[in-house]
Amino acid sequence: MANQLHLTTQDYNLRHVIPLEKLDAESLFYWHWVCSKCKPSEESNHGMDTSEQAVGQDHLDSLLPSLTEYCAYVEQAFEKIDRERSERHNDDLFQLESAFVLKKLIELFKYTDFADAHGKKSLHSLCHKLFSNSNYVIIYSSLIDTYQLLHPNLQTRTNNLIELISDLKDKNSVMSEQPCEQSSHHTSNHQSNNTTLSPQEIQFKISELKFKRFSLKDDFDKLYNEFKNVSKTVDMNRLNEIRTEIKEVEDELADLQTQLMDGPAKSTSNREQEVNADESAKQDDPVELDYHCLHIAICVLEDKALKGLSAQIRCLTDSLIVPNISSVNEELRLLSVCALGLVCILKVDMARKYVPLFLEVMQRDKKEIVIEAFKAVINCIMAFSVKNLVSSDDDDVSVEVTGRIMSVMTGLLDHEESEVYTLAVDGFCKLYMTGHILSAKLFSKLLIMYYSPLSENDVNLKSFLSAFLPQFSFLRANNQLCVEESFMITLKCLINAPADSCLSSIDLIKVMETLFNLINPKNLIHKNHYFDNQKSSHYNQNTDFHTQHLEIFFLCALRIFTKIFHMKKKIMLGAHGLCVILPELLLKSLFFKSYIK
Numbered sequence: 001m002a003n004q005l006h007l008t009t010q011d012y013n014l015r016h017v018i019p020l021e022k023l024d025a026e027s028l029f030y031w032h033w034v035c036s037k038c039k040p041s042e043e044s045n046h047g048m049d050t051s052e053q054a055v056g057q058d059h060l061d062s063l064l065p066s067l068t069e070y071c072a073y074v075e076q077a078f079e080k081i082d083r084e085r086s087e088r089h090n091d092d093l094f095q096l097e098s099a100f101v102l103k104k105l106i107e108l109f110k111y112t113d114f115a116d117a118h119g120k121k122s123l124h125s126l127c128h129k130l131f132s133n134s135n136y137v138i139i140y141s142s143l144i145d146t147y148q149l150l151h152p153n154l155q156t157r158t159n160n161l162i163e164l165i166s167d168l169k170d171k172n173s174v175m176s177e178q179p180c181e182q183s184s185h186h187t188s189n190h191q192s193n194n195t196t197l198s199p200q201e202i203q204f205k206i207s208e209l210k211f212k213r214f215s216l217k218d219d220f221d222k223l224y225n226e227f228k229n230v231s232k233t234v235d236m237n238r239l240n241e242i243r244t245e246i247k248e249v250e251d252e253l254a255d256l257q258t259q260l261m262d263g264p265a266k267s268t269s270n271r272e273q274e275v276n277a278d279e280s281a282k283q284d285d286p287v288e289l290d291y292h293c294l295h296i297a298i299c300v301l302e303d304k305a306l307k308g309l310s311a312q313i314r315c316l317t318d319s320l321i322v323p324n325i326s327s328v329n330e331e332l333r334l335l336s337v338c339a340l341g342l343v344c345i346l347k348v349d350m351a352r353k354y355v356p357l358f359l360e361v362m363q364r365d366k367k368e369i370v371i372e373a374f375k376a377v378i379n380c381i382m383a384f385s386v387k388n389l390v391s392s393d394d395d396d397v398s399v400e401v402t403g404r405i406m407s408v409m410t411g412l413l414d415h416e417e418s419e420v421y422t423l424a425v426d427g428f429c430k431l432y433m434t435g436h437i438l439s440a441k442l443f444s445k446l447l448i449m450y451y452s453p454l455s456e457n458d459v460n461l462k463s464f465l466s467a468f469l470p471q472f473s474f475l476r477a478n479n480q481l482c483v484e485e486s487f488m489i490t491l492k493c494l495i496n497a498p499a500d501s502c503l504s505s506i507d508l509i510k511v512m513e514t515l516f517n518l519i520n521p522k523n524l525i526h527k528n529h530y531f532d533n534q535k536s537s538h539y540n541q542n543t544d545f546h547t548q549h550l551e552i553f554f555l556c557a558l559r560i561f562t563k564i565f566h567m568k569k570k571i572m573l574g575a576h577g578l579c580v581i582l583p584e585l586l587l588k589s590l591f592f593k594s595y596i597k
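For the sequence shown, the UniProt record's numbering begins at 1 and goes up steadily by one.
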């Protein structure tokens, strides 16, 4: 196996590694796969005897170097891949492949021997070095798994990462407090810095200047038209100022276009200097720094072992996460909402405090941020229930607040983006299945969405609802009562739908057949203690149905109701039920006939 992987000790002081010039996605994937077979997961270990495990460990020793040596090898590989990624930054395929290689290199750490104390120190140093570099955000999910193996103690690794975030923020603060002389030096060299802009930055600058020139010319034309009209007075100074500004913008445009043409002639060393300068500027940029720190914070908060809200996490929330909720940068807002949602499920007080903020975000922000805010609210309800999220002792206030929460959340079902309303359906299905909500009106809405022509080609929505509707209805008797309550709500909604509405094209008979199947007590999973009482509830539901039948006698849906009545009889009404209900129905029919006459 080692020969097939081209593992070598030549040209390196490392043993059992793939040479860097032969390191690619294919060879690394095979290396990772062979190691996984030599050291299977804990679940697989239960079926293996001691001798098999020893043989697997021997093979693993021939496939991997020591932990210290592998740390040095990974560091060299990262430096090489970094250089190649900067040189081929426009090659998307290479960027994806290099990201895969970086992740797999990190994942191989779980097969190394952590008994080496010196190796653990090397790995700790490597992890902090990678966490401190914003270029490696793409591998943080794999890196945090390795860091958990290195530091099994939750408190230790949480404190280490939060201190790392604090150090990054403090470093940026020190860098921003530079002497006035240095600031003036940068100001004096502003013109020379413009000449070292990258082609992408020049293109962006040209676009800005073209837009500015267009606006100035528009203002100039308006003033010039007023100047030609003698009945109006015109500010000639302003006219001259605009003409001068247009001239300056055009001169700057010409300079930038000249730079863009001369750009390919730059030497390789100059390009490398520009890349290094861009990277250092990126590290010092407050937006990039917050983006970097939020990714580390999310890694800390996603730790499955994290159960409570410590003082360090509360401080991290107040200093980093909450301030970026109102950032003008969409990516920062997205990460902040995601991180705050993870904080809120740690303590009910935090959930009560920030759920109103999530509701506000859901009503006014971008699609991706709305999705994260909705997920956060769903997770809070799943963790603490709606009742515990409302802290008021007044029942009326609690009902009002609960109604507002559900109103904002159900509003996403009518969102124009399919990704948003599909996620909303998924969230409500989870709440129904866990017993956090039992709303007949909302259930009716979900059923109508399933049959709506607008969702005919929405595979995700159909798959969610087709799995949810029967499972929810047949799980518990109370669930069937909720479905029964939605019966007349659905019926009225479809019959009263306007002719130009998409609901008018829904096959009402098919919807009713589905509902009758869902409320059939024979389909209940647990029906031993409830099946007999179900007859009386169905009798009441039948009475309500026939009463509604007579009340909307004047509608053109008599044929539909008659067919539903026959379906209803097949499901539940026996001879005794008909004998009891028919006299009452006959009296009501006679009353309506006399009223019509």
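Just so it is clear, CB atoms sit at the ideal spot from N, CA and C, and this is done for glycine as well. No experiment lies behind these values; they were computed from the predicted model shown.
Rounded Cβ spacing between residue i and residue j (contact assumed at less than 8 Å)
i, j, result
"residue 123", "residue 109", "7 Å"
"residue 144", "residue 299", "4 Å"
"residue 361", "residue 388", "Going by Cβ atoms, the distance from residue 361 to residue 388 rounds to 21 Å, so no, they are not a contact pair."
"residue 30", "residue 64", "Rounded, the Cβ-Cβ distance is 14 Å, inconsistent with contact."
"residue 511", "residue 524", "That belief does not hold up - the Cβ atoms of residue 511 and residue 524 are roughly 21 Å apart, past 8 Å."
"residue 482", "residue 428", "Not a contact, Cβ separation roughly 13 Å."
"residue 458", "residue 501", "With 8 Å as the limit, residue 458 and residue 501 do not qualify as a contact, their Cβ atoms being about 18 Å apart."
"residue 77", "residue 23", "6 Å"
"residue 71", "residue 126", "5 Å"
"residue 440", "residue 485", "4 Å"
"residue 253", "residue 209", "5 Å"
C-beta atoms of residue i and residue j nearer than 8 Å
i, j, result
"residue 146", "residue 106", "yes"
"residue 370", "residue 355", "no"
"residue 164", "residue 120", "no"
"residue 449", "residue 413", "yes"
"residue 80", "residue 20", "yes"
"residue 461", "residue 422", "yes"
"residue 438", "residue 379", "no"
"residue 350", "residue 306", "no"
"residue 289", "residue 168", "yes"
"residue 515", "residue 472", "no"
"residue 431", "residue 372", "no"
"residue 297", "residue 321", "yes"
"residue 381", "residue 343", "no"
"residue 250", "residue 213", "yes"
"residue 295", "residue 140", "yes"
"residue 357", "residue 408", "no"
First through last residue of the alpha helix (DSSP H) which encompasses residue i
i, result
"residue 460", "459-475"
"residue 379", "367-389"
"residue 144", "140-150"
"residue 88", "Per DSSP, residue 88 belongs to no alpha helix (DSSP H) and is neither H nor E."
"residue 313", "311-316"
"residue 521", "Residue 521 -> no alpha helix (DSSP H), and no H or E assigned at all."
"residue 16", "No alpha helix (DSSP H) contains residue 16, which DSSP labels as neither H nor E."
"residue 498", "Element bounds for residue 498: n/a, residue is neither H nor E."
"residue 444", "440-451"
"residue 65", "No alpha helix (DSSP H) contains residue 65, which DSSP labels as neither H nor E."
"residue 415", "First-last for residue 415: undefined, no H or E at that position."
"residue 358", "348-364"
"residue 343", "330-344"
"residue 327", "Segment: none, residue 327 is in no alpha helix (DSSP H) and carries neither H nor E."
"residue 119", "117-131"
"residue 34", "25-38"
"residue 291", "286-301"
Given residue i as reference, the closest of the options once Cα atoms are compared
i, options, result
"residue 18", "335, 62, 466", "62"
"residue 451", "504, 492, 318, 424", "504"
"residue 656", "441, 59, 381", "Given that the chain is displayed from residue 1 to residue 597, the structure contains no residue 656 and the question cannot be resolved."
"residue 368", "76, 424, 75", "424"
"residue 292", "331, 483, 509", "331"
"residue 158", "311, 247, 91", "311"
"residue 519", "475, 507, 397", "475"
"residue 316", "336, 328, 329", "336"
"residue 303", "402, 117, 391, 346", "346"
"residue 522", "375, 470, 508", "470"
"residue 445", "403, 491, 400, 436", "491"
"residue 433", "209, 399, 468", "468"
"residue 285", "209, 329, 154", "329"
"residue 386", "352, 318, 365", "352"
"residue 480", "216, 435, 170, 415", "435"
"residue 618", "142, 154, 132, 82", "Because the chain in this structure spans residues 1 to 597, residue 618 falls outside the shown range and cannot be described."
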